[in-house]
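Worksheet: the structure to be examined is printed underneath.
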Amino acid sequence: MTLARHGAIVVGAGVAGLSTALYLQRSGLDVAVIDPLPPAGGASFGNAGLLSPDTAVPIAMPGMLRKVPGWLADPLGPLSVRPSYFPRALPWLLRWIEAGRLSRVLEISDAMRALHRETLTCWQELLGPELYHDLIRPSGQVHIWEGEAESPAMAIERQVRERHGIRTETLNADDLRQMFPGIARDISRGLLVPGNGYTISPQRLVVSLGERFQAAGGQLVAERATKLIPGDGGGWMVMTNIANRSTEHVVVAAGAFSRQLLDPLRVRVPLETERGYHAMLFSPEVRPALPLSNKSRGFGVTPMEDGLRIAGTVEIAGLDAPPNEHRARILVQHAQRLFPALRGEKVRYWMGFRPSTPDSLPILGPAPGRPGLHLATGHGHFGMSGGPPSGRLVARLIAGQAPGIDPKPYAATRFH
Ligand SMILES: Cc1cc2nc3c(=O)[nH]c(=O)nc-3n(C[C@H](O)[C@H](O)[C@H](O)COP(=O)(O)OP(=O)(O)OC[C@H]3O[C@@H](n4cnc5c(N)ncnc54)[C@H](O)[C@@H]3O)c2cc1C
37 MTLARHGAIV
47 VGAGVAGLST
57 ALYLQRSGLD
67 VAVIDPLPPA
77 GGASFGNAGL
87 LSPDTAVPIA
97 MPGMLRKVPG
107 WLADPLGPLS
117 VRPSYFPRAL
127 PWLLRWIEAG
137 RLSRVLEISD
147 AMRALHRETL
157 TCWQELLGPE
167 LYHDLIRPSG
177 QVHIWEGEAE
187 SPAMAIERQV
197 RERHGIRTET
207 LNADDLRQMF
217 PGIARDISRG
227 LLVPGNGYTI
237 SPQRLVVSLG
247 ERFQAAGGQL
257 VAERATKLIP
267 GDGGGWMVMT
277 NIANRSTEHV
287 VVAAGAFSRQ
297 LLDPLRVRVP
307 LETERGYHAM
317 LFSPEVRPAL
327 PLSNKSRGFG
337 VTPMEDGLRI
347 AGTVEIAGLD
357 APPNEHRARI
367 LVQHAQRLFP
377 ALRGEKVRYW
387 MGFRPSTPDS
397 LPILGPAPGR
407 PGLHLATGHG
417 HFGMSGGPPS
427 GRLVARLIAG
437 QAPGIDPKPY
447 AATRFH
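Residue numbers (the numbering used here): 37 to 452.
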């Protein structure tokens, strides 16, 4: 049975899909969002909640390749690659290395900045003032490093910040102890990024998008898209586990699973999952006033409404391997090194699939050679920041409105 034709179907009810759906709805389209999971059932549930207009530094950086063997050899390290998955991930990893050239890093940072700088504005547009103030704290983030010397990557990060006029304040050991009572004595190098912020609940934030979408007449459909089929006379048919749904436009916002729908259409995008973990401490002995990112060990500590979230690490192991909860336990150990008073009791471990491109930029806009098919995926480490501005950009492109920013750096064609 083919059901009534929609103006647009968005596949995926994470931050990327729901942001796109709300903006599309506001441009006057009849929109449905398809996902077997409720809103924020994927990566959007368990992230560190950092909202970062002033973050414009990609993950692949010059000099990183030299660090990789050390990281891989360290069981407490920020990166792990499952040996059996390595051959499958190799093409993506090679592109990742290529994206770490300095000239490319600077180009990428320009595109990251153009997208991320709008994040708080877009969250405000999507949520309205009441929910925005309830859920979002635009109160800054603190980055810390272990050890004294500035590494080459840190020097480039500084260059990127200067390039974009991003305001920061250097923090010494005393400043850090004053801001974060109980922090370990050997943490002596920090940076306050006052223009960044965080949410006290990534889940409630994204669920709120779904509620606002439904309240304005949007349909959340609890089905799994199994195939996207181009219609004979234009448009698309979305085959799901229980129905066929016809639509003018389809937006693939299925996060790390997007390739399952795109590969059969020969829409090729280098999307790999960087699996990440969190440990949620529900009765923490320490409640920092601001989120902290430990740049040396690749994890964040975020104060949230239901406790303290320690999130991070990258595991390259694909979509099928079971979680390795040991990596989440390691996060608790890292946090205890940072705040020795933390006991790490009453904890939930979680694993999620970051949808990552090699160049840290999302894939947005039309799918090459497939009229009516659009992409809003690949947000990697930054989807809570990039998702809403991406949704606005994709919706504007579909509605034929001025995009506001240059869409080229995010186009799928950049990989061809
Ligand atoms: C540990 C960790 C920490 C992070 N910290 C931060 C942070 O502090 N700040 C930040 O900005 N970002 C952070 N991120 C990244 C951020 O969480 C992701 O970039 C973002 O959630 C991706 O959103 P999405 O909507 O693309 O994917 P998801 O939230 O994963 O949503 C995709 C949805 O698509 C659905 N789907 C898949 N296949 C189908 C199908 N065939 N049919 C229908 N539906 C389908 C899934 O069920 C899922 O609900 C972090 C990620 C992790 C893992």
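Don't be surprised by glycine CBs; every beta carbon is placed ideally from N, CA and C.
- In this structure, DSSP gives K103 a helical state, which the three-state scheme calls helix.
- Here L162 really is in contact with L58; their C-beta atoms are around 6 Å apart, less than 8 Å.
- Pairwise C-beta distances place the region 282-292 out of contact with the region 324-343, as fewer than three of them are shorter than 8 Å.
- Under the rule that a run must span 3 or more residues, the beta strand (DSSP E) segments found entirely inside the region 48-75 read 67-70.
- Membership of L171 in the alpha helix (DSSP H) is indicated by the continuous run T155 to L171.
- Distances taken from the Cβ of S116 to the heavy atoms of ligand 1 include none shorter than 6 Å.
- V229 has its alpha-carbon roughly 31 Å from the corresponding atom of A448.
- Inter-residue distance for P339 and G48 is about 27 Å (C-alpha atoms, whole angstroms).
- Shortest gap from the CB of H415 to any heavy atom of ligand 1: under 6 Å.
- Residue range Q177 to W181 is occupied by the beta strand (DSSP E) that includes I180.
- Where H452 is concerned, there is no enclosing alpha helix (DSSP H), because DSSP gives it neither an H nor an E.
- Burial of G416 is indicated by the presence of at least 16 other C-beta atoms within 10 angstroms of its C-beta.
- A Cβ-Cβ contact shorter than 7 Å links A68 with V257.
- Between the region 365-385 and the region 313-320 there are three or more inter-stretch CB-CB distances shorter than 8 Å, so the stretches are counted as touching.
- Counting only unbroken stretches of 3 or more residues, the beta strand (DSSP E) elements lying wholly within the region 256-337 are 261-266, 272-276, 280-288, 308-317 and 328-330, in sequence order.
- Short note on M190: C-beta not closer than 6 Å to any heavy atom of ligand 1.
- Under a 10 Å Cβ-count criterion, F249 is classified as buried, with 16 or more other Cβ atoms of the shown protein chains found around its own Cβ.
- Per DSSP, reduced to three states, the secondary structure at I399 is strand.
- The closest CA to that of A125, considering only E351, I95 and A79, is found on E351.
- As DSSP reads the structure, Y121 sits in no beta bridge.
- The beta carbon of E361 is closer than 7 Å to those of Y385 in its chain, skipping five residues each way along the sequence.
- Secondary structure of G246 (DSSP, three-state): helix.
- Around the beta carbon of E134, a 10 Å sphere encloses fewer than 16 other beta carbons of the protein chains shown; the residue is thus reported as exposed.
- Of the residues assessed, R363 falls on the buried side of the cut-off, its CB having 16 or more other CB atoms within 10 angstroms.
- Under the DSSP definition of a beta bridge, S116 partners with E351.
- In the DSSP assignment, E205 is bridged to L228.
- Here the distance from the Cβ of N330 to the nearest heavy atom of ligand 1 is not below 6 Å.
- Within the same chain, W159 and Q160 come within 8 Å of Y168 by CB-CB distance, once the 5 residues on both sides are set aside.
- Between ligand 1 and the CB of R345, the shortest heavy atom gap is not smaller than 6 Å.
- E198 sits away from S332, with the two beta carbons spaced by 7 Å or more.
- C-alpha of S116 to C-alpha of V104: approximately 9 Å in a straight line.
- Distance from the C-beta of V51 to the nearest heavy atom of ligand 1 is below 6 Å.
- For the 7 Å CB-CB criterion, A377 and G226 do not form a contact.
- The shortest CA-to-CA distance from E166 to any of A150, L241 and P98 is the one to L241.
- Taking a C-beta distance under 7 Å as the contact criterion, L429 and L400 qualify as a contact pair.
- Every unbroken stretch of the beta strand (DSSP E) spanning 3 or more residues and falling wholly within the region 351-428 is given here in chain order: 383-392, 399-402 and 409-413.
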